[in-house]
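Start counting at 1 in the sequence shown, then tack on 2, and there's your number in our numbering.
Glycine included, C-beta positions come from ideal geometry on N, C-alpha and C.
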Amino acid sequence: MSAFVIAMVVVLGVNTVLWSLVGLGRAMFAFFTRHRYRRWPKQRSRVEAGSVAVLIAAHNEQLVIARTIRSAYALVPHGNVFVVSDGSTDGTVRAAVEAGARVMDLSRNRGKAGALTVGITHFNLADSFEVVMLLDADTVLAPDYLATGLPYFDDPTVVAVAGRATTLTEPQPRNRVGRFLVAYRERFYVVIQYLIKYGQAARPINVVSIVPGFASMYRARILADIDIAAPGLAIEDFNMTFEVHAKRLGRIAFRPQSAIASTQDPDTFADYRKQLHRWTLGFWQTVRRHGLHFGAFWAALGLYILELVVSSVVLLMLVPLFIVSCVATIWFDSTGTELAGVGQIAETFPPLAIALGVFIPDYLLTIFTVFVTGRPRYLLLGLGFPFMRVVDATICLRSLAQALLATTVAPAGAWKSPVRRPPVTAGARRQL
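Have a look at this one:
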């Protein structure tokens, strides 16, 4: 029983349970009090679409950037979309210009954070617009992105609106492995955003740990107070969020039904591993840069860090423990004697208890994802998701060691986008 409980706690997580309960309380409060944000999709925001600038930093994104720009221009006036081509060597600049964006072409690859900083300054976005949306080149905005997201800025305490990420289903991944990886990433989005971030964004709490850079909005006036291109960071969005909390710039708003956008997730294991390593490394680097302080956000962050490290270590330890326990159990069943030195392990940590302790809570998360997304095929794919948790834990601890052992603070590094899937054209869709 102890092995089953340990595995359950490691896989499901204290943070997931805690913030799910807070989120449930937030939803119940909204339901019974008919809080105004339930009517926001139907009401007009004080902030107009014309006051929103869309800034895209891109590196070799010729296959997808035109589609992204078109989705932005469906929401904002012509001339409000700005692209910084960060040392692109393909047709990114031409594609962006032809799509109608205002483009700045950097000859040197500075990294996303550096490109954003240059773009904000060059186009004078902080002084010319009320809201700046940071958008990745592979992201497609939902038609009601602004209608559901801008009303949050009617609250003067709100300085950022975190976009809700979903995975693009078209173009489809290239093979079964790709479909598996994209489905796993979609489950990650659902769990983080519905079961954790929604509770963290409750008005009196305000401990959201990331405003994702793929498609989120900032009140323009606070951008000057944020050190976007801080040195030594692999990614910028964790640091920008930490800056909001550290400098007490205001509240971060998030709701799963608001500011929705779809992004193209990696469909090869190599690209998945590289992207996740970049994300986790950026997180640990940001934690190292800011440290921990007093306050609700830092307390929530400390709890998350503690659980992330402990659960990753324990999950990796469960793998050899499960193997040894299986061997000891098979040996005992075959010979009737305990295998010297490991017989007690199988008795204390039965392989079935470990397997069920990992699989049951993990599969419950998959069932919840199916309920949210309406994609029953995830029920079959979800049988393999526990193995990906081991991969994630390995990457997490490796990037932690890399962040802690770094002795120098290097400038923000160059970046490389994963291999993109070109959008399906109307002609190709008819052929399918």
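A residue is called buried when at least 16 other Cβ atoms come within 10 angstroms of its Cβ; Asn177 does not meet this threshold and is exposed.
Runs of alpha helix (DSSP H) with 4 or more residues, each lying fully within the segment 209-241, are absent.
Rounded to whole angstroms, Thr331 and Thr368 show a C-alpha spacing of 30 Å. A Cβ-Cβ separation of about 6 Å places Met106 in contact with Gly121 under the 8 Å criterion.
Rounded to the nearest angstrom, the gap between the Cα atoms of Glu238 and Asp129 is 22 Å.
For Asp335, the number of other beta carbons within 10 angstroms of its own is below 16, and it is reported as exposed. In this model, Thr371 and Asp364 are separated by some 11 Å (Cα to Cα). For Ile254, the pairing in a beta bridge is given by DSSP as Ala162. Contact annotation, Val56 with Ala74: C-beta distance approximately 5 Å; criterion of less than 8 Å satisfied. CA-CA distance, Glu245 to Phe131, rounds to 21 Å. For Asp394, the enclosing alpha helix (DSSP H) covers residues 387-407.
Selection Glu50, Leu225, Thr94, Leu65 evaluated against Val78 yields Glu50 as nearest (Cα-Cα). The beta carbons of Phe155 and Ser47 sit closer together than 8 Å.
Residue range 353-375 is occupied by the alpha helix (DSSP H) that includes Val360. Between the segment 389-407 and the segment 196-211, the count of Cβ pairs shorter than 8 Å is below three; the stretches do not touch. According to the DSSP secondary-structure assignment, Asp107 is paired through a beta bridge with Ser87.
Sequence-distant Cβ neighbours of Phe240 in its own chain, meaning closer than 6 Å and more than five residues away, are Ile212, Gly284, Phe285, Thr288. In terms of Cβ geometry, Ala263 and Ala217 form a close pair [threshold 8 Å]. Taken in chain order, the whole beta strand (DSSP E) runs of length 3 or more contained in the segment 262-347 are 262-265. For Ala59, the enclosing beta strand (DSSP E) starts and ends at 54-60. In the DSSP assignment, the residues bridged to Leu137 are Ile58, Ala217.
Gly297 sits away from Thr159, with the two beta carbons spaced by 8 Å or more.
Here Thr169 is near Asp267, since their CB atoms are less than 8 Å apart. Distances from the CA of Leu143 to each of Met219, Tyr306, Leu183 were compared; the closest alpha carbon is that of Met219. Taking every protein chain shown into account, the CB of Ile71 has 16 or more other CB atoms within 10 angstroms, so this residue is buried.
For His80, there is no enclosing alpha helix (DSSP H), as DSSP gives it neither H nor E. By a beta-carbon distance limit of 8 Å, Ala395 contacts Leu318. Their separation comes to about 5 Å.
Residue burial annotation: Asp138 is buried, with at least 16 other C-beta atoms found within 10 angstroms of its C-beta.
The beta carbon of Trp300 sits closer than 6 Å to the beta carbons of Leu294 from its chain, once the five residues preceding and following it are set aside; these are given in chain order. Secondary structure note for Ile122: its alpha helix (DSSP H) is the uninterrupted segment 114-124. Taking His247 as the centre and dropping the five residues before and after it, the same chain places the C-beta of Phe299 closer than 6 Å to its C-beta, in chain order. Gly201 is positioned such that its CB atom lies closer than 8 Å to that of Val24. Ile347 sits close to Leu323, with the two beta carbons spaced by under 8 Å.
Secondary structure at Val49: coil, using DSSP grouped into helix, strand and coil. Remark: C-beta atoms of Asn82 and Val99 do not approach each other more closely than 8 Å. Counting only residues of its own chain and dropping the five nearest sequence neighbours on each side, Pro214 has a CB closer than 8 Å to the CB of Ala164, Gly165, Ala167, Asp239.
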